[in-house]
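Down below is the structure, laid out as structure tokens.
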Amino acid sequence: MYNRTFDTDWESLSGEEAVRRMYALGIAAKLGHTNRTERSRIRDLASSAYERSVLDLAYEEGVREAANVRTHHDADEEAWEELVETPEAPSPELPADRVDSRRPDAIDRPALLDAFDADDLDRLRLPAFLGHNRES
């Protein structure tokens with residue numbers, strides 16, 4: 001299954017392609033076509049524990065998806081075709097005319113500050129009735 005869909009004669013893979021292949025390997029393993037050599041080759045591409053864990057998660061997700069979809073099909077080939085060989089629907093794109101390029105109102109100068117004049121020192125002085133020169 002896997003060898004029919006994916007070329008195993010690769011030298012390097014992009015991160016996205018490695019995740020896609022690990023997902024497919026998980027599906028193939030659940031359907032009874034384990035390919036340990038290819039799985040270890042792809043895992044060896046990872047340069048950190050984080051990248052290996054992402055690849056392992058993709059593999060496990062493939063196993064789970066195959067378990068869920070397998071019950072809906074009579075043959076494993078049909079499940080494989082549904083999960084791997086069917087093209088993915090294109091993700092919806094946000095129309096460019098609907099994107100608002102203005103700054104959010106939250107980062108604009110608050111209207112409260114516009115009411116005050118920076119040179120208005122009278123607001124900082126004590127009111128006349130609190131001054132020292134009060135007339136009795």
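So the sequence shown is numbered by full-length UniProt numbering: it starts at 1 and just counts up by one. Idealized CB from N, CA, C, for every residue including glycine.
The alpha helix (DSSP H) enclosing Thr-34, as first and last residue numbers: Element bounds for Thr-34: n/a, residue is neither H nor E.
Span separating the alpha-carbon of Ile-42 from that of Asp-74: 31 Å
Pick from Leu-13, Asp-7, Tyr-23 that is closest to Trp-80, judged by C-alpha positions: Tyr-23
Within a Cβ cutoff of 8 Å, which residues of the same chain sit near Ser-91, ignoring the five residues on either side of it in sequence? Because Ser-91 sits at a pLDDT of 38, beneath the cut-off of 50, its placement in the model cannot be relied upon, and the point is left open.
Would you grab the beta carbon distance between Leu-55 and Ala-66 for me? Rounded to a whole angstrom, and I think it's under 8 Å. Actually they are not in contact, since the Cβ atoms of Leu-55 and Ala-66 sit about 17 Å apart, beyond 8 Å.
Just to check my reading of the structure: Tyr-2 and Ala-28 have Cβ atoms closer than 8 Å, yes? What is that Cβ distance to the nearest angstrom? 4 Å
At what residues does the alpha helix (DSSP H) containing Thr-5 begin and finish? 2-5
Within its chain, find whatever has a CB closer than 8 Å to the CB of Glu-61; leave out the 5 residues flanking it on each side and keep chain order. Tyr-23, Gly-26
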